[in-house]
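Inspection log for the structure reproduced underneath, given as structure tokens.
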Amino acid sequence: MTQNVAGPLSFSNVGRDRWWKRGAFASQTAYVAIAFVLITVLVSIFAHNFLSTGNLLNTSKNFSYIAIVALGSTLVIITGGIDLSVGSVMALVAVMTAMLMKTFATTWLAGIPYAGITLAVVCGLGVAALAGLVNGLLISKIRLSPFVTTLGMLSICRGMTYVITQGRGQAPAGPQVDTFYALTDGKLFGLPVPLIYLLVLAAIMGVALRHSRWGRWVFVLGGNEKAAQLTGVPVDRVKISVYVLCALSAGFAGILITGWLGSAPANLATGYELKIIAASVIGGADLAGGVGGPVGAVIGSALIEVIRNGLALFGADTYWEQVFVGTIIILAVLVDHIRTREAE
């Protein structure tokens, strides 16, 4: 204890947390970032071609698809919800966009530069927005469980994908199909276009969450929904908005994957739901709500991809990816639980 003659007593040993509980280290994202760096270093040491330009570009492209959807999934998780339908929404939007491009190529729209591609993409994203709107309305207005509601939407969207395609893949077509491929699978400033989209969307989400009234509402809703309602937060509107944005992110990623693969298979993104939610949770989003952000979603997605890529380079069975990802999820939640309990 010290005393300042000109001021009140100050206690130097009271009210200060340990260094690993202050600043950036107060969040789970920091520890996941450290784990990501360590794993990346280990993989680069034992897999000599990991740091090759080609492999790094492929890795950054591959994780971008998951990370884009993880951004939307993180928004939902911050509010205390969950969306299990994202993988099926990706598939439905992808096949519909490809089919509409082929259809519009045989109409008068083919004579208008980029009209067919633009309208097909807009319609595909419109389907995604509709799926998110239905999820949001059922969850916010009728008070259905997010888990059950989005599980049902998963089945509906996947079933519709198989119905309209009869299980056959759909390839984009049309007079400006090369432009579609350039916008979905090209490069900008030497970087894969999907990575550029991811960075832009992550920056927009970060600004919206930290510097807008809507962003504050999202966190308040996840922290305590009843308190948020009492303080005037439009709870239903915020819930609907995050589910729509989550579905749009899934639809956009589905369109990007179509450009990457050159087609949209009916089984596209099967099982991606758990990988996307895992990326959000590993990155620090709390399933109880109130915690999360774009940086964590990006780092969590990158960590999963580095593990997958490392296993492939080592020649190991890639099914081990699920084991490692599951272990990391449990460890991340355990560390956060211990840290929170000590803080209390």
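Numbering-wise, the sequence shown is residues 2 to 345 according to our numbering. Cβ atoms here follow ideal geometry from the backbone N, Cα and C, with glycine treated the same way.
Taking a contact to require three or more Cβ pairs closer than 8 Å, the segment 163-179 and the segment 34-46 do not qualify as touching. In the three-state reduction of the DSSP assignment, Ala265 falls in the strand class. Residue pairing by DSSP places Gln171 opposite Ala265 in a beta bridge. Within the segment 242-324, no run of beta strand (DSSP E) at least 3 residues long lies entirely inside it. If you look at Lys103, you'll find it in the alpha helix (DSSP H) that goes 87-105. Distance from the CA atom of Gly297 to the CA atom of Thr107, rounded to whole angstroms, is 44 Å. Going by DSSP, Leu39 is part of the alpha helix (DSSP H) stretching over 29-47.
Of Leu189, Thr151, Gly187, Met97, the smallest CA-CA separation from Met161 is found for Met97.
Contact between the segment 231-248 and the segment 132-140 is present: three or more C-beta pairs spanning the two stretches fall below 8 Å. Sixteen is the threshold: since fewer than 16 other Cβ atoms of the shown chains lie within 10 Å of the Cβ of Asn50, the residue is exposed. Note that the C-beta distance between Leu145 and Ala121 is not below 9 Å.
For Phe47, the closest alpha carbon among the candidates Ile331, Leu199, Leu314 is that of Leu314.
Less than 9 Å separates the beta-carbon of Val128 from that of Gly252. Comparing C-alpha distances from Ala130 to each of Cys158, Val282, Gly175 shows the shortest one belongs to Cys158. Secondary structure at Lys142: coil, using DSSP grouped into helix, strand and coil. Put simply, of Ser264, Ile140, Glu306 the residue whose alpha carbon is nearest the alpha carbon of Ile277 is Glu306.
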